[in-house]
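If you use the numbering used here, the sequence shown corresponds to residues 43 to 385, in order. Don't be surprised by glycine CBs; every beta carbon is placed ideally from N, CA and C. Just so we're clear, the structure is a prediction, and the values are computed from it rather than from any experiment.
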Amino acid sequence: MTRPVKCLVWDLDDTLWRGVVLEGDRAAPFPEAVRTLRELDERGILHAVASRGDEATAVAHLDRLGLRDLFTVVRVGWGAKSASVRRVADLLNLGLDSFAFVDNDPVERAEVVAALPDVRAYTAEEVGSLPDLAEFRPVTRTAESARRRQMYQVEAGRRAAEQEHDGTAPEFLASLDLTMVVRRATAGDLARAHELTVRTHQLNTTGLTFDEVDLRGLSASPDHEVLVAELTDRFGPYGVIGLAVTERDATSTTMKLLLTSCRVASRGAGAALIEQVVRRSLAAGLLPMAEFVPTPVNRIMLVTLRFSGFEAERDDGDRVLLAHRGALVSRSPHIRVLTDAVH
Numbered sequence: 043m044t045r046p047v048k049c050l051v052w053d054l055d056d057t058l059w060r061g062v063v064l065e066g067d068r069a070a071p072f073p074e075a076v077r078t079l080r081e082l083d084e085r086g087i088l089h090a091v092a093s094r095g096d097e098a099t100a101v102a103h104l105d106r107l108g109l110r111d112l113f114t115v116v117r118v119g120w121g122a123k124s125a126s127v128r129r130v131a132d133l134l135n136l137g138l139d140s141f142a143f144v145d146n147d148p149v150e151r152a153e154v155v156a157a158l159p160d161v162r163a164y165t166a167e168e169v170g171s172l173p174d175l176a177e178f179r180p181v182t183r184t185a186e187s188a189r190r191r192q193m194y195q196v197e198a199g200r201r202a203a204e205q206e207h208d209g210t211a212p213e214f215l216a217s218l219d220l221t222m223v224v225r226r227a228t229a230g231d232l233a234r235a236h237e238l239t240v241r242t243h244q245l246n247t248t249g250l251t252f253d254e255v256d257l258r259g260l261s262a263s264p265d266h267e268v269l270v271a272e273l274t275d276r277f278g279p280y281g282v283i284g285l286a287v288t289e290r291d292a293t294s295t296t297m298k299l300l301l302t303s304c305r306v307a308s309r310g311a312g313a314a315l316i317e318q319v320v321r322r323s324l325a326a327g328l329l330p331m332a333e334f335v336p337t338p339v340n341r342i343m344l345v346t347l348r349f350s351g352f353e354a355e356r357d358d359g360d361r362v363l364l365a366h367r368g369a370l371v372s373r374s375p376h377i378r379v380l381t382d383a384v385h
């Protein structure tokens, strides 16, 4: 399956616009580039800049063109563009295999691909056709897709507040007034839940993907429960950031899938969601269990499960079955959790 692009990183001169701004060119944007910017933005694909030149000059020109707000991160300078792309990935907390890079200069494209082989590179001539490519066509569009850029821009405000915070990391988390709502998925959640399964790789216990039909059937099944988690803080909503699918039998419930968005990796949301799944199982008099399927990037979820009290019962190499054997201890006391009743 084609890996979806989550962020397109742009060169500016002779790629987004015609000419070189630092040399005094008026540099009108290419119409096909603007169309691609707006179309991909509506699909929930983020945009960033990695370009050469003077950052203040470039940002001022983006402002004049009315395009600045379409970019979540702008990196303009004289260093290697691969370093700028890597920095963008760090700031957005996204894996490099979800990035694409567009530049008119073949040498710059080659430098980025050589340093970051997971990043896909495209020529400036291809800009107008990018929305037609499979990797730029999300399997589903949701209300959150259209708001994704704004959510990341709000996240920039959170990062700035964290940098200015005079205290420890736990104190900053406590200052956010985080609230998580964990509830059964409704019909209106299914598109977003499906989107999470295909977009989330690092914070995903098994890598399973479910389409809307699958999720609708699981939600209606008496032997399964589909939960979604929404998160908010004093800056605003993160939206639906978590999904858990459990299967029950006479003695236990088994997490077949649990994931949280990479956007909330540093908030402890994964541990908070796991805790609620465990609580629901124990309240029903059942043993909480979980499946884990290792991938090159999701080991952190195995660590999170173990810190949450799960111990390996069986390890088949490509799949680990864990059972909750420890005391139920909150690993995310800074998150206030609201939940619906256990059925």
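Candidates the options: closest to residue i by CA position
i: GLY170; options: LEU232, ARG191, VAL76, ALA156; result: VAL76
i: GLY310; options: SER263, PRO212, THR251; result: PRO212
i: LEU220; options: PRO71, SER308, ALA142; result: SER308
i: THR78; options: GLY312, ALA125, PHE178; result: PHE178
i: ALA227; options: ASP174, ALA152, GLU254; result: GLU254
i: THR44; options: VAL149, ALA286, VAL240, THR293; result: VAL240
i: GLY312; options: LEU269, LEU172, LEU134, PHE72; result: LEU269
i: GLY327; options: GLU74, THR293, ARG60; result: THR293
i: VAL284; options: MET222, HIS207, LEU134, HIS266; result: The sequence shown places Gly at residue 284, rather than the Val named in the question. Cα-wise, what sits closest to GLY284 is MET222.
i: HIS366; options: ARG356, ASP132, LEU109; result: ARG356
i: GLY3; options: VAL379, SER350, ALA70, VAL116; result: Nothing in the structure corresponds to residue 3, since the chain is present only between 43 and 385.
Extent of the continuous beta strand (DSSP E) to which residue i belongs
i: THR78; result: Looking at the DSSP string, THR78 is not in any beta strand (DSSP E); the run it does join, the alpha helix (DSSP H), is 73 to 84.
i: SER294; result: 294 to 302
i: ILE377; result: 377 to 381
i: GLU21; result: Nothing about residue 21 can be read from this structure; the chain reaches only from 43 to 385.
i: ASP265; result: Where ASP265 is concerned, there is no enclosing beta strand (DSSP E), given that its DSSP letter is neither H nor E.
Enclosing alpha helix (DSSP H) for residue i [first to last residue]
i: SER261; result: 254 to 262
i: LEU104; result: 97 to 107
i: THR346; result: 341 to 349
i: HIS236; result: 232 to 241
i: ILE87; result: Per DSSP, ILE87 belongs to no alpha helix (DSSP H) and is neither H nor E.
Residue i, buried or exposed, once every other Cβ within 10 Å from all chains shown has been counted against 16
i: HIS385; result: Confidence in HIS385 is poor, its pLDDT being 42 and thus under 50, which makes the residue's placement too unreliable to answer from.
i: PHE352; result: buried
i: GLU65; result: exposed
i: ASP55; result: buried
i: ASP160; result: exposed
i: ASP53; result: buried
i: PHE252; result: buried
i: SER263; result: exposed
i: VAL154; result: buried
i: GLU97; result: exposed
*the stretch 285 to 301 contacting the stretch 241 to 261, beta-carbon criterion three pairs below 8 Å*: In the pairwise beta carbon analysis, the stretch 285 to 301 is classified as touching the stretch 241 to 261: at least three pairs are separated by under 8 Å.
*Any 3 or more C-beta pairs closer than 8 Å across the stretch 189 to 204 and the stretch 255 to 262*: No contact exists between the stretch 189 to 204 and the stretch 255 to 262.
*Quick one: any contact between the stretch 128 to 145 and the stretch 83 to 94, if contact means 3 or more CB pairs under 8 Å?*
Note that the stretch 128 to 145 touches the stretch 83 to 94; at least 3 beta-carbon pairs, one per stretch, sit closer than 8 Å.
_Counting beta carbon pairs with one atom in the stretch 332 to 344 and one in the stretch 263 to 279, are three or more of them shorter than 8 Å?_
Flag = no, the stretch 263 to 279 and the stretch 332 to 344 do not touch.
*Would you call the stretch 182 to 190 and the stretch 227 to 240 in contact, with 3 or more CB pairs under 8 Å?*
Touching, yes, given that three or more Cβ pairs across the two stretches are closer than 8 Å.
*What are the start and end residues of each continuous alpha helix (DSSP H) run of 4 or more residues lying completely inside the stretch 140 to 217, in chain order?*
Within the stretch 140 to 217, the complete alpha helix (DSSP H) segments of 4 residues or longer fall at 148 to 157, 185 to 206, 211 to 217, listed in chain order.
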